[in-house]
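**Student:** Sharing a structure with you now.
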Amino acid sequence: MIVKFIKRLLGGGDSAQATPAPKPPAASGPKLLSYRGAELGIKREQISPAAMKTCEVLQRGGYKAFVVGGGVRDSLLGLQPKDFDVATDATPEEVQALFRRARIIGRRFKIVHVMFGRETIETSTFRALQTDAETDEHGRVLRDNVFGSQHEDALRRDFTINALYYDPIGDQVLDYLGGVADLKARRLRMIGDPATRYREDPVRMLRTVRFAAKLDFTVDPATLAPVRELASLIENVPSARLFDEMLKLLESGHALACVRRLRAEGLHHGVLPLLDVILEQPRGERFIEVALANTDDRVRAGKSVSPGFLFATLLWQLVSDRWQALMAGGEHSIPALMQAMDSVLDEQASKLAIQRRHIADMREIWGLQPRLEKGGRGAIRALEHLRFRAGFDFLLLRVEAGELPEALGQWWTQFVEGDAATREQLLDARPGEARTGPARRRRRRSSGARRGGADSDGSSGDAGGDGAQEAHIPADRAASIDRDWPSDLQGGGSPRDRNPPR
Ligand code: ATP
Ligand code: MG
-18 MIVKFIKRLL
-8 GGGDSAQATP
2 APKPPAASGP
12 KLLSYRGAEL
22 GIKREQISPA
32 AMKTCEVLQR
42 GGYKAFVVGG
52 GVRDSLLGLQ
62 PKDFDVATDA
72 TPEEVQALFR
82 RARIIGRRFK
92 IVHVMFGRET
102 IETSTFRALQ
112 TDAETDEHGR
122 VLRDNVFGSQ
132 HEDALRRDFT
142 INALYYDPIG
152 DQVLDYLGGV
162 ADLKARRLRM
172 IGDPATRYRE
182 DPVRMLRTVR
192 FAAKLDFTVD
202 PATLAPVREL
212 ASLIENVPSA
222 RLFDEMLKLL
232 ESGHALACVR
242 RLRAEGLHHG
252 VLPLLDVILE
262 QPRGERFIEV
272 ALANTDDRVR
282 AGKSVSPGFL
292 FATLLWQLVS
302 DRWQALMAGG
312 EHSIPALMQA
322 MDSVLDEQAS
332 KLAIQRRHIA
342 DMREIWGLQP
352 RLEKGGRGAI
362 RALEHLRFRA
372 GFDFLLLRVE
382 AGELPEALGQ
392 WWTQFVEGDA
402 ATREQLLDAR
412 PGEARTGPAR
422 RRRRRSSGAR
432 RGGADSDGSS
442 GDAGGDGAQE
452 AHIPADRAAS
462 IDRDWPSDLQ
472 GGGSPRDRNP
482 PR
C-alpha cells in the first residue's frame, strides 16, 4: 500500500517532464541520504535555542525530533531562518505533556505550539498524504489528517528543499528526496507530480513563486510547467488562507520580485484580485513598485512591516482614482475620500479576506492623507494622531512615486524631526495651502538618492518650496522622535532612513 502510494507520488506521472538529476528515490528502495550538519555548513548557533530545546526534550522523552522546513533550508543556504518548525513522531498530546507551556491548536490537524519566552516553536507530528483523501471537484485536498512515518511526512511536503530534517543534537541532516542536491544546484523542485500537487493545494503555486524569488532559485521546468494552466484554481482557495500566503509573499523581503513573477506566470489574475486592476494602470504600477521596494528594504533591514500599511499601498491607486473622480464631480475632499475608501474596501472584501483590524489601519492611513497634504497649522494636530507615523510614511511613498511634490515630503520630514522652534519656523514658512490630487509624474530618483534622502536643492517643489530650508537635528533628538510616535505601524521606514538630516 505504502509502496503503491510512493510510486504514485514519485512516479508522477507520466505527464511530468523530465527533471534534471538527481532522480528521486525509486519506489522500490528510497535512498535515504544522511549528512553531518557541519559538513553541509550548518552552524548550530543558527538554530534558535527554543527549537534546540524542543528537540532535546522530545528526544529525551524517547521520540524522534527534527527541525524541518525553512529553518533547515535557510541555515543550509547561510541565511538567517525566519522561524523554526519541529517535526516529531510524538502525537500532539504526547508533545504537550512534555512541556510546561504548550498548546494544541488546529481543528483539521492538530499541531502544538511550544512556547519559550516570546518564541513559539510549531511542532507537528509526522503525517502522511492519503491517496484517498477527500478532495473538492478540482482535486484540492480538504483533509490530510493522518499520522504517518517520517518518510511519508517528507513526501507530503511541497519542495525537496523544504523536506530536509535536521537533528540539532546529533548534528545530522536526513534527506529522503534529494533536497541537498537541489539546494546545491539552486533548484526548486516539487515533490511528486507537480500538476497533482498544485491541484491538491493551489497555494503551492504561490509558494513556487515566493521561494524562487526569495532564494533566487531556478524553478525546475516540470515544476513550473503546469502553473499557467492551473492558475485559476487559486480561486477555490479559502480567502483567509490566500491572505496568509499573500502576506508571506509580500513580507518575504522580495515582494517586488514576487509580484513581477506572479504577473509573468499569469498568476496575478484571480490570485490577487486587488493587483489585477491596479497593476494595469501605469500610475498604479509606479506607486506599487516604490512601495514594495521600500517594504523589501525594511524587511531586509530586519524591520517590521504592517499588513495594514502594505494593503493600504496596494489599494491606494483605486482609492485615489475614485477620490479624484468624486471631487471632479463636485464632492468635497474629505467626504469624497471616505466614499472612495468605502467603495474600494467593500469591493475587495468579497475577494480577499483582509482582517478587520488591518482594514481599520488602512482607513486611518488613507484618511490622514488630505491633512498631511495640507500641512499648515493642522500639522501639529496631525502629529498627535495615533497613526501619524504610518500616514507620514505613506505620504513619503507618494512623494517618491512622483504623486506629490518632493518639497512636501521634505517639509514634513523636517517638521517631524524638528524641535519646537524649528517647527514654528516651518509653519511660518509654509502657509497651509491645500493640495489634493496627484501631481505630474516626476523623474525617478536614483535609489541612492532615495536612500540618501534630502538631496533636493529645494528648488524642485511646487508646494511650499521654502519648506525645504534645513533644520539641524541632533542625533539624540532624532532618536527621541522615534520613541515619541507609535512605531507599530511603520510601513515605510523612519524619516531618518530616507531623509536623514544633513
Ligand atoms: P518560510 O521561511 O517562509 O517560513 P517555510 O518553508 O518554513 O518558509 P512554512 O510556510 O513555514 O514555509 O512551512 C513550513 C514547512 O511546511 C515547509 O517548509 C514545507 O515543508 C511544509 N509546507 C508548508 N506549506 C505547504 C504546502 N502548502 N504543501 C506542502 N507542504 C507545505
Ligand atoms: Mg517556516
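Residues -18 to 483 in the working numbering are what the sequence shown spells out, letter by letter.
Every residue, glycine too, gets a C-beta built ideally from N, C-alpha and C.
Every value quoted in this text rests on a predicted model; they were computed, and no experiment measured them.
Express the C-alpha separation of residue 308 and residue 410 in angstroms, rounding to a whole number.
**Tutor:** So the alpha carbons of these two residues sit roughly 29 Å apart.
**Student:** Give me every residue whose Cβ sits closer than 7 Å to any heavy atom of ligand 2, in chain order.
**Tutor:** That query returns the following residues: 50, 51, 52, 63, 64, 66.
**Student:** Ligand 4 and residue 184: does any heavy atom of the ligand fall closer than 6 Å to the residue's C-beta?
**Tutor:** For ligand 4, the structure offers nothing, since it holds only ligand 1 and ligand 2.
**Student:** Going by alpha carbons, who is nearest to residue 129 out of 70, 378, 63, 100?
**Tutor:** Looking at the Cα atoms, 70 is the closest of the given residues.
**Student:** What does the alpha-carbon distance come out to for the pair residue 21 and residue 53?
**Tutor:** Approximately 11 Å, taken between the alpha carbons.
**Student:** Among 169, 147, 336, which one has its Cα closest to the Cα of residue 222?
**Tutor:** Of the candidates 169, 147, 336, the one whose C-alpha sits nearest the C-alpha of residue 222 is 336.
**Student:** So what's residue 177 in DSSP terms, helix, strand or just coil?
**Tutor:** Of the three classes helix, strand and coil, the one that applies to residue 177 here is helix, per DSSP.
**Student:** Looking at C-alpha atoms only, which residue of 390, 316, 15 is the closest neighbour of residue 159?
**Tutor:** Looking at the Cα atoms, 15 is the closest of the given residues.
**Student:** Relative to ligand 1, is the shortest distance from any of its heavy atoms to the C-beta of residue 139 smaller than 6 Å?
**Tutor:** Yes.
**Student:** Does the beta-carbon distance from residue 139 to residue 185 come in below 7 Å?
**Tutor:** Yes, they are a contact pair.
**Student:** Could you give the C-beta distance for residue 230 and residue 204, rounded to a whole number, given that I count them as a contact under 8 Å?
**Tutor:** With 8 Å as the limit, residue 230 and residue 204 do not qualify as a contact, their Cβ atoms being about 17 Å apart.
**Student:** Going by CA-CA distance only, name the one from 282, 281, 329, 278 that's closest to residue 293.
**Tutor:** Comparing Cα positions, the closest option is 329.
**Student:** Just curious, the alpha helix (DSSP H) that residue 321 is in, first and last residue?
**Tutor:** Unbroken alpha helix (DSSP H) run through residue 321: 314 to 330.
**Student:** Beta carbon of residue 217: closer than 6 Å to some heavy atom of ligand 1?
**Tutor:** False, no ligand heavy atom lies under 6 Å from that Cβ.
**Student:** Only counting the same chain, and skipping five residues up and downstream in sequence, which positions put a Cβ closer than 6 Å to that of residue 390?
**Tutor:** Only 377, 380 meet the Cβ criterion.
**Student:** Going by the C-beta, is residue 143 closer than 6 Å to any heavy atom of ligand 1?
**Tutor:** Result yes, Cβ under 6 Å from ligand 1.
**Student:** So if DSSP puts residue 84 in a beta bridge, which residue, or which two residues, is it bridged to?
**Tutor:** DSSP output for residue 84 lists 94 as bridge partner(s).
**Student:** I'd like to confirm the pairing. Which residues does DSSP put opposite residue 108 in its beta bridges?
**Tutor:** For residue 108, which the question treats as bridged, DSSP gives the partners 128.
**Student:** Which one of 157, 34, 47 has the shortest CA to CA distance from residue 106?
**Tutor:** The candidate whose alpha carbon is nearest that of residue 106 is 47.
**Student:** Relative to the C-alpha of residue 82, which candidate in 34, 45, 88, 41 has its C-alpha closest?
**Tutor:** Per the Cα distances, 34.
**Student:** In the structure shown, what three-state DSSP assignment does residue 287 receive?
**Tutor:** The answer is coil: DSSP assigns residue 287 none of H, G, I, E or B.
**Student:** Nearest by alpha-carbon distance to residue 386: which of 365, 395, 354, 406 is it?
**Tutor:** Among 365, 395, 354, 406, the Cα nearest to that of residue 386 is on 354.
**Student:** Grouping DSSP H, G and I as helix and E and B as strand, with all else coil, what is residue 17?
**Tutor:** Here residue 17 sits in strand by DSSP.
**Student:** Is it buried or exposed for residue 356, if we count other Cβ within 10 angstroms and need 16 for buried?
**Tutor:** With 16 or more other Cβ atoms within 10 Å, it is buried.
**Student:** Who are the near neighbours of residue 237 in its chain, counting only those whose CB is closer than 7 Å to its CB and skipping five residues on each side?
**Tutor:** The residues are 270, 273, 274, 277.
**Student:** Per DSSP, which residues does residue 46 bridge with? Please list them.
**Tutor:** Its beta-bridge partners are 69.
**Student:** Could you give the distance in angstroms between the alpha-carbon of residue 109 and the alpha-carbon of residue 74?
**Tutor:** Cα to Cα, residue 109 sits roughly 18 Å from residue 74.
**Student:** Kindly list the residues whose CB is nearer than 8 Å to the CB of residue 211, restricted to its own chain and excluding five residues on each side of it in sequence; keep chain order.
**Tutor:** Cβ neighbours of residue 211 beyond the five flanking positions: 176, 179, 180, 183, 186.
**Student:** In the DSSP output, which residue or residues are listed as bridge partners for residue 102?
**Tutor:** Paired residue(s): 95.
**Student:** Express the C-alpha separation of residue 165 and residue 199 in angstroms, rounding to a whole number.
**Tutor:** Looking at the two C-alpha atoms, the distance is approximately 12 Å.
**Student:** Residue 153 bridges to which residues according to DSSP?
**Tutor:** Answer by DSSP bridge pairing, in chain order: 17, 148.
**Student:** Quick check: residue 28 and residue 219, are their CB atoms within less than 7 Å of each other?
**Tutor:** Against a cut-off of 7 Å, the Cβ pair of residue 219 and residue 28 comes out as no contact.
**Student:** Please classify residue 313 as buried or exposed, where buried requires at least 16 neighbouring CB atoms within 10 angstroms.
**Tutor:** The residue in question, residue 313, is exposed, as its Cβ has fewer than 16 Cβ neighbours within 10 Å.
**Student:** Can you give me the C-alpha to C-alpha distance between residue 206 and residue 197, rounded to a whole angstrom?
**Tutor:** Cα to Cα, the separation comes out at about 18 Å.
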